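Numbering (our numbering), first residue to last: 231 to 729.
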């Protein structure tokens, strides 16, 4: 008998922006969104709206052609639900309603034309869904507009929409960077939404700002290519965008392959706007987010209980259930390490604790790989995982903890790349956690029900691992050796006790 398909239905978002038209398909409507398909067409719908009031005819043709393909792709992928949205160009152009009518007929779905406040809110919710406890100003730079909105944790405060999108600014300024500079300065100076950003974080959203970040990664030689969560000190970001404007003016970025050709002329305008934002808002850091309007739209539709969940732990749990030998064992490992850290008095911040829990959930995802390569392969999977709510330093810590789980602490084992990005205290904590994983998985063979029958106790400077009566046959010299190594790492001697 054929087993019923119990998987949740996939969900798609068609995003008709002022510069690009995009289809993103997610595995399911859930707290941790997993992208299964992502395609964009750079159509430039908004390139003439500010001066002519119209969507350009050739851009409309490109967009409608892209939408035909997107509808066919949704059918091929059997997407369960499709949400379609349009932003600044379509709401500002006088022929926007006519285009939307044609687009709806092609898509077979209604298209929500977002107002400026709606677009700002969804951008903020996108950052909230992808950044753990954000505190700062979200800036979403599209082709037609710039949305600025204050976020504090899960709270979304007042926002504003300005016609400073890259295409709109280029159009308004008649392709003059000097004129664009005056326009941006007048629009942004003394803006309350920016003045509230002093000594906080500025979250940069939007494809052209991500292109700037990609150039910075390349030029600085930064070793991790993950865009989401990439952070630059504000002073460094300010110097970079000023330098980039000069390079663009001298046509010295024309051949950079990492940036789409259609986006390259807009880089100077995006850099100019970011320069003014940094000068006026005076943030401490600029953080780039790949989570924006689309993710915020879906996040807004989740129940309150789902929105309240930790995005990182949901993503780690998804990978745990997909790749581990026992999802329940990984959850028991969280409790087991909770008890260990409590008994040996290892102090943790809230952030350190959630990273430890994520590492527990990911501690067995490499079991199918060749034993000689489990450490490095799992390190790469965690380091480059397509999930949010974690900083780059957090990624490295979790990945390093799982690396030590597979590789141990042998002197001849070379540290993996990026280890130097962590403090020595974080490296030491990853060593402790990885060694604890080695003990736990050796005891239990990654099966549930074993770890809850083992307990920790301290006496003077001795750490004891106590096995309940029904589990004493699991004790062996190898278990004792690994446990003594763990005890030494926390400054104690170790012994196994049979109850």
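Beta carbons: idealized from backbone N, C-alpha and C, even for Gly. In this text the structure is predicted, and so the values were computed from the model without any measurement.
query: Spatial neighbours of residue 233 in its chain, beta-carbon cut-off 7 angstroms, leaving aside the 5 residues before and after; result: In this predicted model, residue 233 has a pLDDT of only 37, less than 50, meaning its place in the structure is not dependable enough to derive any value.
query: Spatially closest choice to residue 613 from 256, 602 and 627, by CA coordinates; result: 627
query: Euclidean distance between Cα positions of residue 497 and residue 441; result: 8 angstroms
query: Bridge partner(s) assigned by DSSP for residue 252; result: 245 and 270
query: Inter-residue spacing [alpha-carbon to alpha-carbon] between residue 730 and residue 256; result: Because the chain here runs from 231 to 729, residue 730 falls outside it and cannot be looked at.
query: Identity of the residue in 569, 428 and 604 nearest residue 511 by Cα; result: 428
query: C-alpha distance - residue 574 paired with residue 620, whole-angstrom precision; result: 27 angstroms
query: Option nearest residue 463 by Cα separation, candidates 569, 478, 656 and 434; result: 434
query: C-beta atoms of residue 696 and residue 688 nearer than 8 angstroms; result: no
query: Sub-8 angstroms separation of residue 645 and residue 453 beta-carbons; result: no
query: Counted within 10 angstroms of its Cβ, other Cβ atoms place residue 387 as buried (16 or more) or exposed; result: exposed
query: CB of residue 398 within 8 angstroms of CB of residue 311, strictly; result: no
query: Contact under 8 angstroms by Cβ, residue 374 with residue 248; result: yes
query: Rounded separation between residue 723 and residue 709 - CA only; result: 14 angstroms
query: The stretch 268 to 286 / the stretch 332 to 346 touching (three or more Cβ pairs under 8 angstroms); result: no
query: Residue 564 beta carbon less than 8 angstroms from that of residue 590; result: yes
query: Residue 677 to residue 360 span [Cα, whole Å]; result: 32 angstroms
query: Nearest neighbour of residue 354, chosen from 341, 330, 385 and 333 [CA to CA]; result: 385
query: Contact set for residue 732: own chain, Cβ-Cβ below 7 angstroms, skip 5 residues either direction; result: Residue numbering for the chain in the displayed model covers 231 to 729; residue 732 lies beyond these limits and cannot be assessed.
query: Nonlocal neighbours in the same chain, by C-beta distance under 7 angstroms from residue 426, ignoring five residues either side; result: 367 and 380
query: Per-residue burial, residue 391 [other beta carbons within 10 Å of its own, 16 or more giving buried]; result: buried
query: Own chain partners of residue 266 with C-beta closer than 8 angstroms, once the 5 adjacent residues on each side are dropped; result: 240, 255, 256, 257 and 307
query: Beta-carbon proximity of residue 316 to residue 340, cut-off 8 angstroms; result: no
query: Given residue 478 as reference, the closest of 494, 467, 713 and 304 once Cα atoms are compared; result: 494
query: Alpha-carbon to alpha-carbon, residue 300 and residue 309; result: 11 angstroms
query: Segments assigned beta strand (DSSP E), at least 3 residues, entirely inside the stretch 413 to 467; result: 431 to 435 and 461 to 463
query: Contact check, residue 634 vs residue 661, beta carbons under 8 angstroms; result: yes
query: Cβ separation of residue 263 and residue 525, assumed to be a contact under 8 angstroms, to the nearest whole Å; result: 6 angstroms
query: Rounded Cβ spacing between residue 394 and residue 376 (contact assumed at less than 8 angstroms); result: 4 angstroms
query: Unbroken stretches of the alpha helix (DSSP H), 4 residues or longer, contained in the stretch 549 to 607; result: 557 to 573 and 580 to 591
query: Beta-carbon gap between residue 411 and residue 378 smaller than 8 angstroms; result: no
query: Environment of residue 533 [buried if 16+ CB atoms lie within 10 Å]; result: exposed
query: Cross-strand partners of residue 312 (DSSP beta bridge); result: 242
query: Three-way DSSP call (helix, strand, coil) for residue 307 in this model; result: helix
query: Contact check, residue 502 vs residue 639, beta carbons under 8 angstroms; result: no
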